[in-house]
Each structure stands twice: as C-alpha cells, then as structure tokens.
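Only one structure is covered here, and it is reproduced in the block below.
Numbering (my numbering), first residue to last: 289 to 627.
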C-alpha cells in the first residue's frame, strides 16, 4: 500500500457542503465534520472521505468515501490510525453500494449487522463496517430506530429483548403497542415501561428516583402526573414488580452488563444533539470502562444514520453524567436479565 503522499483537510461545515453538493445546514459543527482528501499531486492515488463523530462518544465515522482503491486504502488506514491515537475506540465506514468488502477486511474492519428497517436513517447505507482500536468480541445488539419522535422507550425495550433472548420481530406494531400501554403524557416512565417487559422470558429490576422529590418544572401538570402515577404504582404492586427508589450507580450498571444483562437508561439528549430532552437508550456491552450503547434516535438531518446510533462506545463517566433528567434531577434505569 502506498503511503499517504498528500492530504488536505477541510473543517468548515459550509465549505464541505459546497464541495460535496450537500444541502445547506446539513452538517453540524458539533459533529466535528472533516473532509479529508488525498492525491493533489499528479499521478498520486486519489480519494476523499467525510469524517464525523457524535459528541459524547468515542467513535468516528467515515462516509462519502470515493476514489480509487489504492487511494481509499491509504486514506482510511491513515485516518483510522489517527482516530485511534486521538482516543477513539471504534471507527465506522459507511458503504452504501456494498462495494468495499474485500478492502474493508484487508484493513481490519468487520461488517456491522444490518438494522431493522424502521425509522429514518435505517434504509441506507446498505452496508457498514466497524474496526475497534483493540479487538472487542461481543454480540452486536440488533438496531431498531424509533419511528416517531416520542417512542424511544418502546424502541429501546425492543432492542434489549431482541438482543438478550431473540423473540418476535422488532416492528412498528410492537413499538406502538408498548407505547400505548406505557406512555404517560410526554413519554414512557420506568414504572409504566417495566409493566411491558415479558416477565416469562426476562427477569427485570427497575430503579427510579423521580418521585422522591417534586419536580420544579414538570413537563406535564402536577395533578395529571400524580393521577397517572397512582395507577402505575398500583399496577406495579399488583404485578409483583420491585422498583427500588434509589440511584442505580454507573458501577452497578457496569456490573449488571458484565453479568449479561441489558440496561435501559434514561438520559438527557443535550450532550448528543444539543437539545435537552429525556430519552431512553440501551447499554449492552462493557470493557475497560467503555460501554456500548444503542440509541434509537439517529439525527438524519445532520447526516447521521443507523451506523452512528448502534454500538456506540461511551466512556462510563460520560454515560453517568448524561443519565439524569429533571429538576431536581432524577435517574431511571431498567435492567433485563435471565429469569
């Protein structure tokens, strides 16, 4: 493989959009987009790629990869090396035409499992590859993108159940059924979501501190909130579900995952996408203080796809900082394990 002889980088999102013919404002500076090109010298291998990464994660993604095979190989190998030197745990490569299987294997990449075609960002790319800084054997969690703006809880539960024990397909009908039963005004709380777990197939424990102190700025009227909570408390008790009203710490989340559990965590989306919103994600693997997380939301308006949202490596401290919501802040966690 020829060494990288010439390389250029463009970091201004508006300039990148112009050069690639992308819609205006489709690239967000928060994702640190960089257009890397190779081959300015006559006769040099030519290639370019768009590199980006979601804030709060330890991954970088290569997309819009074009050029001749020699140039692509040199550029991807060089950028992967630099990403790992800068602390990335994984690099991912979108391959819309499924054209680079042989080259990806030569460069140490493995195929990512295709998602369930669901919400925006799951139709393409058809193929994607991932390479870890150090080999990380694990069973990748199946990916399902929520089909609405408000069904993150059901989508996360579908992924956790499918990853842990297999079972019925992840689809919009099941997403909607869980959402109808678990939603309380603005979203699915952990009490109502716990009631939707198939307890014949999973052991389940829930942890929640939402109701230990009144919310100063609740997302719905206090009387309506209390009205719905009364029913959840009654149904949980009747079902024999134990919900511990205490903080489930990050060390406990890691320990649960290390025992083979899948953990749903309520996070604040602000770190990921700049908008403070309560949001459910699913953590499913851990190694050396880094967790792999599936996020049912992909910000397609800013160039994300299922590739960005599945098997996301996150530092434990980062997830711990995100796993709070409200004022006063509270933590909600749902753990699924063997029965």
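The C-beta atom is built at its ideal place from N, Cα and C for all residues, glycine as well.
- Apart from the 5 residues on each side of it in sequence, residue 376 sits with its Cβ closer than 7 Å to the Cβ of 346, 347, 348 and 421 in its chain, given in chain order.
- The beta carbons of residue 620 and residue 491 sit about 18 Å from each other, so the pair does not count as a contact at 8 Å.
- The closest CA to that of residue 552, considering only 482, 365 and 497, is found on 482.
- Counting only runs of at least 3 residues, the stretch 400 to 473 fully encloses the following beta strand (DSSP E) elements, listed from N- to C-terminal order: 415 to 420.
- Taking every protein chain shown into account, the CB of residue 484 has 16 or more other CB atoms within 10 angstroms, so this residue is buried.
- Approximately 22 Å separates the beta-carbon atoms of residue 554 and residue 594; this is outside 8 Å, ruling out the contact.
- If you draw a straight line from the Cα of residue 583 to the Cα of residue 439, it comes to about 12 Å.
- Around the beta carbon of residue 430, 16 or more other beta carbons lie within 10 angstroms, which makes this residue buried.
- For residue 434, same chain residues with a beta-carbon under 8 Å away, outside a window of 5 residues either side, are 406, 407, 440, 442, 443, 463, 584 and 585 in chain order.
- By the Cβ test, the stretch 316 to 326 is not in contact with the stretch 565 to 585, since fewer than three Cβ pairs between them sit closer than 8 Å.
- One thing to note: residue 379 has its Cβ no nearer than 8 Å to the Cβ of residue 400.
- For the stretch 540 to 565, the continuous alpha helix (DSSP H) assignments of 4+ residues that do not extend past its boundaries occur at 558 to 561, in sequence order.
- Within the DSSP secondary-structure output, residue 370 pairs in no beta bridge.
- Under the DSSP definition of a beta bridge, residue 475 partners with 472.
- Between residue 590 and residue 314 a beta carbon distance of about 7 Å is seen, short of the 8 Å cut, so the two are scored as contacting.
- Collapsing the DSSP output to three states places residue 339 in a strand.
- DSSP places residue 530 outside both helix and strand once states are collapsed to three, so it counts as coil.
- Residue 323 is bridged by DSSP to 298 and 338.
- Residue nearest to residue 547 within the set 452, 338, 494 and 496 is 452 (criterion: CA-CA distance).
- Taking 8 Å as the upper bound for CB-CB distance, residue 608 and residue 545 are not in contact here, some 13 Å apart.
- Residue 601 is bridged by DSSP to 580.
- Between residue 354 and residue 381, the C-beta gap is not smaller than 8 Å, which leaves the two residues out of contact.
- With fewer than 16 other beta carbons inside 10 angstroms of its own, residue 306 counts as exposed.
- With respect to the 8 Å criterion, residue 541 and residue 494 are not classified as neighbours on the basis of their beta carbons.
- Per DSSP, reduced to three states, the secondary structure at residue 487 is coil, with no helix or strand assignment.
- Judged by DSSP in its simplified three-state form, residue 585 adopts coil rather than helix or strand.
- Nearest neighbour of residue 616 by Cα position, chosen from 563, 505 and 569, turns out to be 505.
- In the DSSP assignment, residue 622 is bridged to 494 and 552.
- DSSP, reduced to helix, strand and coil, places residue 520 within a helical segment of the structure shown.
- Residue 608 carries a helical assignment under DSSP once its states are collapsed to helix, strand and coil.
- Cβ contact annotation for residue 460 (same chain, cutoff 6 Å, sequence separation greater than five): 435, in chain order.
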